[in-house]
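Please read the structure below before turning to the comments.
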Amino acid sequence: MQPGAAGARATGAGDAAALLGAEREVARAPRRRPQGLRSPKQPLGPGVGAAGGEREARGPGAALTAAARCFLGVSTSALPTAPLSNGRAQSLASPQPGGRASGASRRAQGRRNLPLVQPQDGVEVKWRGGVELRAPRGEVGRHPAVPRDGKLLSSDVTHYMIPDWKVVQDYLEILEFPELKGIIFMQTACQTLQHQRGRRSIYRAAVWYYHHCQDKMPIVMVTEDEEAVQQYGSETEGVFVISFKNYLDNFWPDLKAAHELCDSILQSRRERENESQESHGKEYTEHLPLEVLEAGIKSGRYIQGVLNVNKHRAQIEAFVRLQGASCKDSGLVSDILVHGMKARNRSIHGDVVVVELLPKNEWKGRTAALCENDSDDKALGDPPSEPMPTGKVVGILQKNWRDYVVTFPSKEEVQSQGKNAQKILVTPWDNRIPKIRISTQQTEALQDFRVVVRIDSWESTSLYPNGHFVRVLGRIGDLEGEIATILVENSISVVPFSEAQVWFPGVLWSGERHSMCEMPVNTPENPWKVSPEEERERKDLRETHLVFSIDPKGCEDVDDTLSVRTLANGNLELGVHIADVTHFVPPNSYIDIEARTRAITYYLADRRYDMLPSILSADLCSLLGGVDRYAVSVIWELDKTSYEIKKVWYGRTIIRSAYKLFYEAAQELLDRNFHIVDDIPEFRDLDEKSRQAKLEELVWAIGKLTEIARHIRAKRDRCGALELEGVEIRVQLDEKKNIHDLIPRQPLEVHETVAECMILANHWVAKKIWESFPHQALLRQHPPPQQEFFSELRECAKAKGFFIDTRSNKTLADSLDNANDPNDPIVNRLLRSMATQAMSNALYFSTGSCAEEEFHHYGLALDKYTHFTSPIRRYSDIVVHRLLMAAISKDKKMEIKDNLLSNKDLEELCRHINNRNRAAQHSQKQSTELFQCMYFKDKDPENEARCISDGVIYSIRTNGILVFIPRFGIKGAAYLRNKDGLVISCGSDSRSEWKPGSLQRFQNKITSTTTSGESVTFHLFDHVTVRISVQASRCHSDTIRLEIISNKPYLIPDEDLFQQSSLLLKSDLVKEVTRSVEEAQLVQEVKVNVIQEDYQKYCQTKGRSLYTLLEEIRDLALLDVSNSYGM
């Protein structure tokens, strides 16, 4: 029986008792990767593990000590593993049943699946996708046990352990040890991490769990509360309450690493307590109580917002971006400056803070100078800009404490830190984060490594936050270590897909396997085929439509294909056919939960981390050439002359793509350069007559698609669609994975052709799902940018004699089209890039959460827009596919199979996906910068020709300029005054040198004058010759350093001249189009050229952090402030 609670309901093991409002448990089990997949037909005997047919090493109790056995009062053999039926090991796990968790446990529930201990008698119950399946005992579970690879609670243990909130908080890293199995995290414990209550509820849950296991599986509750140990220790037979140290000593005496980490954590806690008692002076003011903060926000005295630290002046400048009611009620039109660490009052980048405005006579301005570190501003003495609203932090509403990558100080720095060598200040990789003080005895051993730490506290008596060591990532400068750093810093934790996700346990009904309970198989011995049932229900396009894809070279995850044909009535039919991922990924299945957590495929410069397993992403869902595939199609009938849409059809189809084209080949065919045909595999084995006929058919289709796309684009242009500039760099590696070159993407008209077809499909699907579900549809909005962000764009254009009207997207688009310098195409590219930087981020949202007039997409000039065309790599598209299928069912007055998310749940999911999209954007940008630095790091900047390049000035600062290098897509700072106070001088030969003198900045130019009277002036959009080098850093990422070596343009060598002039010619013809404003903003949405060799080596990370699982899903506000402030 469950403990009594108002409104409680018995639901089987999916709900772990209605404890103070339906307590749900989150199971954690080992994270080891299985050695191989077991055939689904291979039987397993009782107790047999997943790999090799041998008994798996048991968790707690496999090597259970005599002390632990004595403690539990049972023998190891007396403890059951799982009820057995028909001589086979039962699978005791299933996805979480329907219902919504809240607080810190949501992310954990997204990662973990709930255990189900079945009764041995009567009716057996299993959960599957929120549906309760019942069958007579013996009819369920005739399938092999699934390995519990970090996703399911292991049945092969001697006991289950339930930690309370304090243990979770203090010993999280130890609980992550893969040796510790059978751990159950209660939702109460997750929620209590914030509220510090609920120990009684956790004990009651432990008692319920013990009875739920039919009193056969001992439950060990671990707590740091001595009073709880005394009170509950002997209250219930079979439920043991002990301290965490006691648990480690008795159950894991030989796990040395866990004991060392436990001692380190305890030592850190004691030092903090002693320090708090000994410190009398306060470094910071105390934060105000929560009730005072809330009242102050309500009255308007205080302002709530997210703290964004300027990464270029991290010790000096931070800005609070207004949030919620504060944004509307404060009357402020700009962010609030928080100047200095004292005013920041222990808040950290990303925290939701409460600020109090200072009197106007204390307001400060941000500095307009370039700087490499915080001390530069003080040394230069440059006047700040106009004063802006300035405030101080008086409280923190929500802390953004996460994993931080840090570097230990060098030997010299350790000696300078003082006498207590065990307490070390480590420097975070992200220079927006303050130094963190940790206690460790491994300082010397870890000096050359990137290390992960976590913050424990930041007392008002301490200059720095206190934290502790977690794990080592890799050596400083090593590629894998630096990539791991980028992943951790963006909270990206992608483990290999487990067998529980790749192979779903099948449910037998009279000997037949349920079709949606197992992932599909596609092997030479057992090839995947279209099922007769699907053939009956879907529209078959295999023999009637010429379907083909156009993607980057080497692309594996082909989401989309196109078709166009002439109908009998003379009209045209345009089709966009998208991979039917939802057919293979049912809601709330293991793989759906994992895909929802990942939310997106992460594309880095040299690798990708897939949202779906490769059996789906690169095979059965991928619309490859020459094979049958399921698709979801949008098909329009167009007028034969005007291309206006006459009717539209949505539905599931079967397609067979005839060609898998890459962009360059499609462009050559569009230009009628048929020499490329030899590079298209589908043409190689055809006789000349067939080849010619099929070639003409394909060329007609590409040409007709391009004509239609031009019409669609022109229609959006008339409404104000923007054509923006984004720099995409492809890292070209040689056979040994060394960086061979950095290549900017060459824009082609066929890019725009494909993009317009995808935009059209997204637009029409958005209209369809909103019409059917006006309060719970997932759409994508792009709000208009703030006008003040356009100020630099307007000033730069003015320097060239152009006027940029930013009153609307239409006036902005027209102004950019007119801002062309016939002598320098780079000018228009830079202006469009500045417009891109001024844009707001496009975001997913639920239509029930805002008014219809806010649905508009500013960049695309569409009233409604969503993402439908990339379900293999975006979870948002999976949600939209389910909505579209539900809308079709609704039109046919059929039952809607999938339970749709409510507006509230959908809005929460949108926040999570938006957060992950930002992480994907930042990680791709950082990985590209990493490879840019690696490319130049091994080259001698004095003698290597590639290190000298042409640059274009696009911004003026008080002590330097910002330069864009088109050849490599690099933007960076070039100083006109060095650290010694010398200024740049260019002689008669235009070569630069440093001399004593001064700088004078004007609106569109800066002049350097030496004490001897020589002067040189640099104007906006001037071309200069720069030397590219790398500024190495132990603690942070390396950065590109630019040095002006001549005030004249760089004379391009002949071999590069042809390449660049060809690029500019193409750009002029096609107007340098990008696929859409979103691809210019969110670079991760552009498909990249993925290196194929050793893919498995790079495709996934190796560990995972439980810390990220227990965080509540929320925005981390990791937006880079460098676009608005500083450089």
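Residue numbers for the sequence shown follow my numbering, beginning at 709 and rising by one. Idealized CB from N, CA, C, for every residue including glycine.
Check the C-beta distance from isoleucine 1184 over to aspartate 1156 and give it rounded, since I have them as a contact under 8 Å. At roughly 6 Å, the Cβ-Cβ gap stays under 8 Å, so isoleucine 1184 and aspartate 1156 are in contact.
Residues in the same chain with beta-carbon distance under 7 Å from aspartate 1085, minus the five sequence neighbours each way, listed in chain order, please. For aspartate 1085, the predicted structure reports a pLDDT of 38, less than 50, and the residue's modelled location is therefore unreliable. A value from the coordinates is still provided. Excluding residues within five positions, the ones whose Cβ falls inside 7 Å are Arg1021, Ile1024, Thr1075, Ala1077, Cys1079.
Are the CB atoms of leucine 1378 and isoleucine 1410 nearer to each other than 8 Å? yes
In angstroms, rounded to a whole number, what distance separates the CA positions of methionine 869 and methionine 929? When rounded, the distance between both Cα atoms is 6 Å.
Hey, tyrosine 1566 and proline 1492 are a contact pair by Cβ (cut 8 Å); roughly how many whole angstroms apart? 5 Å
Isoleucine 1163 - DSSP class collapsed to helix/strand/coil: Looking at isoleucine 1163 - three-state DSSP - the assignment turns out to be strand.
With leucine 1568 and arginine 1392 assumed to form a contact (beta carbons below 8 Å), what rounded beta-carbon distance in angstroms separates them? Taking 8 Å as the upper bound for CB-CB distance, leucine 1568 and arginine 1392 are not in contact here, some 39 Å apart.
Under the three-state reduction of DSSP, which class applies to isoleucine 950: helix, strand or coil? strand
Let me know the alpha helix (DSSP H) ranges lying completely inside the region 1354-1398, each 4 residues or longer, listed in chain order. Those alpha helix (DSSP H) runs which fall completely within the region 1354-1398 and span 4+ residues are 1371-1378.
Tell me which residue opens and which closes the beta strand (DSSP E) that serine 1271 is part of. 1268-1274
Of the residues Gly1283, Ile1604, Leu1487, Leu1280, the one placed nearest phenylalanine 1563, counting alpha carbons only: Leu1487
Return the chain-ordered list of same chain residues with a C-beta closer than 8 Å to the C-beta of methionine 1542, the five sequence neighbours on each side being excluded. Only Glu1500, Leu1501, Cys1504, Tyr1662 meet the Cβ criterion.
Between isoleucine 1596 and tyrosine 1298, is the Cβ-Cβ spacing less than 8 Å? no
Would you list the one or two residues that DSSP bridges to histidine 1727? Lys1713
Going by DSSP in three states, proline 1240 sits in which element: helix, strand or coil? Note: proline 1240 maps to helix in three-state DSSP.
List, from N- to C-terminal side, the alpha helix (DSSP H) runs of 4 residues or more that fit wholly inside the region 1599-1649. 1611-1645
DSSP three-state call for aspartate 1327: helix, strand or coil? Of the three classes helix, strand and coil, the one that applies to aspartate 1327 here is helix, per DSSP.
Length of the line joining the Cα atoms of threonine 1747 and alanine 1681: Cα-Cα distance, rounded: 10 Å.
Start-end ranges of the alpha helix (DSSP H) lying completely within the region 1516-1587, minimum 4 residues: Fully enclosed alpha helix (DSSP H) runs of 4 or longer: 1517-1526, 1534-1546.
Counting Cβ pairs closer than 8 Å, one from the region 1725-1739 and one from the region 1644-1654, do we hit at least three? yes
Element boundaries [alpha helix (DSSP H), containing tyrosine 940]: 934-940
For the alpha helix (DSSP H) containing lysine 1476, list its first residue and its last residue. Residues 1457-1480.
Measuring only the C-alpha atoms, how far is lysine 1687 from glutamate 1701? 14 Å
Among the residues of its own chain, which have a CB less than 7 Å from the CB of glutamate 991, if the five just before and after it don't count? If we look at glutamate 991 and ignore the five residues flanking it on each side, its Cβ neighbours are Ser1168, Thr1169, Ser1170, Leu1171.
For a test of the three-state rule: what should DSSP assign to aspartate 1658, helix, strand or coil? Secondary structure of aspartate 1658 (DSSP, three-state): strand.
What distance in whole Å lies between the Cβ atoms of tyrosine 1311 and glutamine 1634, which are believed to be in contact at a cut-off of 8 Å? Actually they are not in contact, since the Cβ atoms of glutamine 1634 and tyrosine 1311 sit about 12 Å apart, beyond 8 Å.
Quick one: which unbroken beta strand (DSSP E) runs of 3-plus residues sit fully inside the region 1275-1343? Chain order, please. 1280-1287
Around the Cβ of aspartate 1268, are there at least 16 other Cβ atoms within 10 angstroms (buried) or fewer (exposed)? Classification for aspartate 1268: buried.
Outcome for threonine 1309 when other beta-carbon atoms lying within 10 angstroms are tallied against a minimum of 16: buried
In terms of DSSP beta bridges, what is threonine 1231 paired with? Per DSSP, none; premise fails for threonine 1231.
Count the other CB atoms within 10 Å of the CB of asparagine 1277; is the residue buried (16 or more) or exposed (fewer)? exposed
What's the call for phenylalanine 1116, buried or exposed, on a 16-neighbour Cβ count within 10 Å? So phenylalanine 1116 ends up on the buried side.
Would you call the region 940-948 and the region 907-927 touching, i.e. three or more CB-CB distances under 8 Å? yes
Do serine 1350 and valine 1284 have their CB atoms nearer than 8 Å? no
For leucine 1592, which residues of its own chain have a beta-carbon under 8 Å away from its beta-carbon, when the five flanking residues on both sides are left out? Here the set comprises Val1340, Tyr1358, Val1473, Lys1476, Ile1477, Phe1576.
Length of the line joining the Cα atoms of valine 1017 and asparagine 1108: 13 Å
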